[in-house]
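The opening position of the sequence shown corresponds to residue 73 in this note's numbering, with each subsequent residue numbered one higher. Even for Gly, the Cβ is constructed at its ideal location relative to N, Cα and C. From a predicted model like this one, the values you see are computed outputs, not experimental measurements. See structure below.
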Amino acid sequence: MDQTLPRPETITDMVENITRQKGDKTAIVYLGQHITFNELLERSQRIAEGLRRLGIGEGDRVSLWLPAVPAWLITYIALCRLGAVAVATNTKFRSSEVQDIVSRSQAKAIIMWPGFKHIDFEGILSDIDPTALTALQTVILYSEDKTEPAHHILGRNTASYHALEQSPPYTANHASPESGCNVFTTSGTTKAPKLVYHKQSATAGHLYDISRAFGLDQPGKSVLHMIPFCGVWGFDQGMMTLASGSTLYIMPFFDPAEAVRLIQAHQITHTSASDEAVRCLMEVNDTPIPFPSLEFVGFAAVGGGSSQDLVLEATRREITLRGLYGSSELGALFSLQSEALPPQDRTQGGGICVNPETQVRARDTQSGNILPHGERGEIEIKTPSRMVGYLNNPEATQAAFTEDGFFKTGDLGYTRDDGSWVFLSRFGDAIRLSGFLVSPAEIEGYIETHPAVSEAQVVGVQQARKIWLCAFIIPADGTELDRQSLRQYCEKGMAKYKVPQHFEPIDAFPVTLSANGNKIQRAKLRNMAESIMHRSLTPTT
Numbered sequence: 073m074d075q076t077l078p079r080p081e082t083i084t085d086m087v088e089n090i091t092r093q094k095g096d097k098t099a100i101v102y103l104g105q106h107i108t109f110n111e112l113l114e115r116s117q118r119i120a121e122g123l124r125r126l127g128i129g130e131g132d133r134v135s136l137w138l139p140a141v142p143a144w145l146i147t148y149i150a151l152c153r154l155g156a157v158a159v160a161t162n163t164k165f166r167s168s169e170v171q172d173i174v175s176r177s178q179a180k181a182i183i184m185w186p187g188f189k190h191i192d193f194e195g196i197l198s199d200i201d202p203t204a205l206t207a208l209q210t211v212i213l214y215s216e217d218k219t220e221p222a223h224h225i226l227g228r229n230t231a232s233y234h235a236l237e238q239s240p241p242y243t244a245n246h247a248s249p250e251s252g253c254n255v256f257t258t259s260g261t262t263k264a265p266k267l268v269y270h271k272q273s274a275t276a277g278h279l280y281d282i283s284r285a286f287g288l289d290q291p292g293k294s295v296l297h298m299i300p301f302c303g304v305w306g307f308d309q310g311m312m313t314l315a316s317g318s319t320l321y322i323m324p325f326f327d328p329a330e331a332v333r334l335i336q337a338h339q340i341t342h343t344s345a346s347d348e349a350v351r352c353l354m355e356v357n358d359t360p361i362p363f364p365s366l367e368f369v370g371f372a373a374v375g376g377g378s379s380q381d382l383v384l385e386a387t388r389r390e391i392t393l394r395g396l397y398g399s400s401e402l403g404a405l406f407s408l409q410s411e412a413l414p415p416q417d418r419t420q421g422g423g424i425c426v427n428p429e430t431q432v433r434a435r436d437t438q439s440g441n442i443l444p445h446g447e448r449g450e451i452e453i454k455t456p457s458r459m460v461g462y463l464n465n466p467e468a469t470q471a472a473f474t475e476d477g478f479f480k481t482g483d484l485g486y487t488r489d490d491g492s493w494v495f496l497s498r499f500g501d502a503i504r505l506s507g508f509l510v511s512p513a514e515i516e517g518y519i520e521t522h523p524a525v526s527e528a529q530v531v532g533v534q535q536a537r538k539i540w541l542c543a544f545i546i547p548a549d550g551t552e553l554d555r556q557s558l559r560q561y562c563e564k565g566m567a568k569y570k571v572p573q574h575f576e577p578i579d580a581f582p583v584t585l586s587a588n589g590n591k592i593q594r595a596k597l598r599n600m601a602e603s604i605m606h607r608s609l610t611p612t613t
């Protein structure tokens, strides 16, 4: 990439700048289709005009309930041109989650692919109370066979994504540095996920920084994309590739054999993967040096178990894994570990921040003092890529920052004297499930909507390389817990990865009595869950 490329103030600037330089180069490869930067820009302009005709304008929010397909990125770029905001919605979400996000974000439209992986998206929407979606006007149906919608959904008009693509290009630009552009979800201690709101200048600047930190500004680079765009990790990886002028190879869902084929056939240089994905790739190709073209593998251990053996095996086979860090509030690929570190240090979360203005410190949560290098505490970060705040939640936004503007990450770690830092674990009860951070309170809140449930507590315990969820249930008066019925209720309303593996009735939760009120002993519940798990996994003789 031309080193004189200016730092963009908006997403529209970013895309137009790189298109002027790389117009005829392939930007995206998807299922054998090649999309150049010129085509990417024009298609986004056509979608912008189609959305404008549907009434989408500055400040409006649109739910992108799509898998990793080019249309996700094209629509995002179109929304930014209009000064509108993309609300990232996970395709694994079910009725209660979609209703919550679309309702609280006040999304004016939702875009979905009804037939993707045989998921009944229309059925999921049919379980939503239409009156809860006060702002929703249009449901836009994406299809790769370009079928035309012929009915209403949730009492709203439907539109064909294919028809939007036939619109004339819209070349006007309503983007500004202060325009909103993204809403992501994040979990904490609340029953409903917080909605993280970002603006264009911070997002465009972050994409500019990470594309250089990851070496994508050099000629001949390419990225294999194996993760959803609905999370900050997938979003930032996809968009940084486009920002750099490199080629993005998109997989709509993870298929290890197809991923190996793409890496080998196209000499892919960069990718990012979880511990489970890396393990799958090495199992598919068991040759001594399976991926000689790969220069960079961004790494995150999200499976819940120790990744030490995996890291050593990858190193032996010349796969260089480098630990990452990111969050919905700060952006993904926010920092990365040095390639020069020993394997176990190199694959820890944290590292050197991609933006040189970023400040990282660790605070002692007991004394409130800032800690010297090497001492563990809560990590606090001040950076230009930080969120604007939690949408429609000023109290949570204020609580998330220190008086001098540092974001309180809720993560345990320590700083190093070379300017880097190390992430160790989360504070509190948040659990990493399928790569997404989930609050037990969110799962508990949904379970407690079942008429047979009075109260619920959910804990996670380690099972091999995965987290096993156990829900302790105090049944409603006069009812008996029907585990199968409760499981079906959860599967209908929540993403599958949030559904507990076990439901256990209990008369009362263990508590600690104090003058400030009773506190549930979650550590004791975890011990009880471990005993239940071992009993359920131990064969009877």
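Collapsed DSSP secondary structure at residue i in the structure displayed
i      : result
THR166 : At residue 166 the sequence reads Arg, which differs from the Thr that was named. Looking at ARG166 - three-state DSSP - the assignment turns out to be coil, as it is neither helix nor strand.
MET566 : coil
TYR233 : helix
ARG649 : Past the edges of the chain, shown from 73 to 613, lies residue 649, and the structure says nothing about it.
PRO142 : helix
LYS596 : helix
GLU111 : helix
LEU77  : coil
ALA528 : strand
TYR214 : coil
LEU197 : helix
THR359 : coil
LYS180 : coil
HIS574 : strand
LYS591 : strand
GLU367 : coil
ILE90  : helix
ILE128 : coil
ARG351 : helix
TYR242 : coil
ARG435 : strand
Cβ pair residue i, residue j closer than 8 Å
i      : j      : result
LEU334 : THR313 : no
ARG418 : GLN431 : no
ILE282 : SER344 : no
MET184 : LEU213 : yes
ARG504 : VAL374 : yes
SER294 : THR219 : no
PRO328 : VAL350 : no
CYS562 : ILE519 : yes
SER511 : SER259 : yes
LYS454 : GLY477 : yes
VAL525 : CYS542 : no
LEU405 : GLY398 : yes
SER239 : GLY122 : yes
GLY187 : SER232 : no
THR161 : SER135 : yes
GLN339 : SER365 : yes
PRO415 : THR387 : yes
SER457 : LEU402 : yes
LEU463 : LEU267 : yes
Proximal residues to residue i (C-beta, below 8 Å), its chain only, five neighbours per side dropped
i      : result
PHE581 : GLU527, GLN529, PHE544, ILE546, ILE592, GLN593 and LEU597
ILE322 : ILE100, VAL101, TYR102, ALA140, VAL141, PRO142, HIS297 and GLY310
GLN117 : ALA150, ARG153, PRO241, TYR242 and THR243
GLN178 : ARG133, THR206 and ALA207
PHE473 : PHE479 and LYS480
GLU194 : PRO186 and ILE225
Anticipated Cβ contact below 8 Å, residue i with residue j, distance rounded
i      : j      : result
THR180 : ILE128 : Checking the sequence, you will find Lys at residue 180 rather than Thr. The pair is a contact, with the Cβ atoms about 6 Å apart (cut-off 8 Å).
VAL87  : ILE149 : 5 Å
ILE424 : SER407 : 6 Å
TRP493 : ILE451 : 7 Å
ARG448 : GLY485 : 7 Å
LYS263 : GLU514 : 6 Å
Own chain partners of residue i with C-beta closer than 7 Å, once the 5 adjacent residues on each side are dropped
i      : result
GLY461 : TYR269 and THR469
ILE83  : ILE149, CYS152, ALA247, CYS253, GLN272, THR275 and ALA276
ILE200 : SER167, VAL170, GLN171 and LEU226
ALA285 : LEU408 and VAL426
ILE119 : ILE146, THR147, ALA150, LEU236 and GLU237
GLY565 : ARG166, SER167, SER168 and TYR518
SER586 : No answer about SER586 holds up, because its pLDDT of 48 lies below 50 and its placement is not dependable.
ASN245 : THR84 and ARG153
Residue i: CB within 7 Å of a non-hydrogen atom of the ligand NAP
i      : result
VAL432 : Here there are no bound small molecules, and the ligand NAP is not part of this structure.
6 Å CB neighbourhood of residue i in its chain, flanking five on each side removed
i      : result
GLY307 : The amino acid occupying residue 307 in the given sequence is Phe; Gly does not appear at that position. Around PHE307: PHE301.
CB contact check: residue i to chain C, cutoff 8 Å
i      : result
GLN178 : Going by chain labels, chain C is absent from the structure shown, which holds only one protein chain.
Item to check | Within the segment 262 to 348, ranges of the beta strand (DSSP E) (whole runs, at least 3 residues) | outcome: 266 to 271, 294 to 297, 319 to 322 and 342 to 346
Checklist entry - Enumerated in chain order, which unbroken segments of the alpha helix (DSSP H) with a length of 4 residues or greater are wholly contained in the segment 395 to 432? => result 415 to 418
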